[in-house]
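First up is the structure itself, then whatever we jot down about it.
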Amino acid sequence: MAKEWIAVLRAADAAARWHVHQRRKGAAEEPYMNHLLEVAMLVAKATDGKDPELVIAALLHDAIEDQEVPKSVIAEGFGEDVAGLVAEVTDDKTIDKQERKRLQVEHAPKKSQRAKILKLADKTSNLRAIAASPPPDWSVKRRLEYVEWARQVSEGLTGVSQWLEGEFEQAAKEAERSTVFHR
1 MAKEWIAVLR AADAAARWHV HQRRKGAAEE PYMNHLLEVA MLVAKATDGK DPELVIAALL
61 HDAIEDQEVP KSVIAEGFGE DVAGLVAEVT DDKTIDKQER KRLQVEHAPK KSQRAKILKL
121 ADKTSNLRAI AASPPPDWSV KRRLEYVEWA RQVSEGLTGV SQWLEGEFEQ AAKEAERSTV
181 FHR
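Residue numbers for the sequence shown, in our numbering: 1 to 183.
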């Protein structure tokens, strides 16, 4: 068990270093690491802490997409299983944004069970961020469109964790409510 904890902390350290200059898009401009930790926590709770490699993948889930960390570097440091999970939830940034969003909806039901948990945790964290600190340049319409799109993606991610699905739905409702009554 101690080995798994050390690996999780090594992953948190790597994520913090790789994303050190990245901030969330919200008005509060939180460090991006907050998002990675929240996704990891959601994954840990959804799996009752029984899948440390999935928690590691949660910490590293945006490394390829946002920081261009090669999959091979993740595999070398954290194993092929983790690298494969990160790659499975990574968008191809060479594709147009609208097409990437469409593909997320299309591919969600085809993902592995573990990748579905990770993807649902990521969407839950993103919706929580929209509710708490929306990007200042996002109109109400854009925020509501994001919530609707996230719901479409989540439809393909069901059946992996009833608890996490509940957290997602609560986050979606809060994000919608925040467009009317922002705190």
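Note that beta-carbon positions come from the ideal geometry of N, C-alpha and C, so glycine has one too.
{"Item": "Whole runs of the alpha helix (DSSP H) within the region 76 to 103, excluding any shorter than 4 residues", "Value": "80 to 88"}
{"Item": "Straight-line gap, Gln162 to Val55 (C-alpha atoms, nearest Å)", "Value": "18 angstroms"}
{"Item": "Same chain, Cβ closer than 6 angstroms to Gly156, five either side skipped, listed in chain order", "Value": "Ala108 and Pro109"}
{"Item": "Three-way DSSP call (helix, strand, coil) for Arg23 in this model", "Value": "strand"}
{"Item": "Counted within 10 angstroms of its Cβ, other Cβ atoms place Val20 as buried (16 or more) or exposed", "Value": "exposed"}
{"Item": "Segment limits, alpha helix (DSSP H) that includes Pro52", "Value": "Pro52 to Leu60"}
{"Item": "Supposed close pair Thr124, Leu42 - CB separation, criterion 8 angstroms", "Value": "6 angstroms"}
{"Item": "Inter-residue Cα distance where the pair is Ala175 and Asp51", "Value": "29 angstroms"}
{"Item": "Presumed contact (8 angstroms Cβ cut-off) between Ala44 and Leu85, rounded CB distance", "Value": "Actually they are not in contact, since the Cβ atoms of Ala44 and Leu85 sit about 14 angstroms apart, beyond 8 angstroms."}
{"Item": "Residue closest to Ser112, alpha-carbon to alpha-carbon, out of Glu165, Ala87 and Asp66", "Value": "Ala87"}
{"Item": "Exposure label - Glu9; buried when at least 16 CB within 10 Å", "Value": "Note on residue identity: the sequence assigns Leu, not Glu, to residue 9. Classification for Leu9: exposed."}
{"Item": "Per-residue burial, Lys116 [other beta carbons within 10 Å of its own, 16 or more giving buried]", "Value": "buried"}
{"Item": "Exposure label - Ile64; buried when at least 16 CB within 10 Å", "Value": "buried"}
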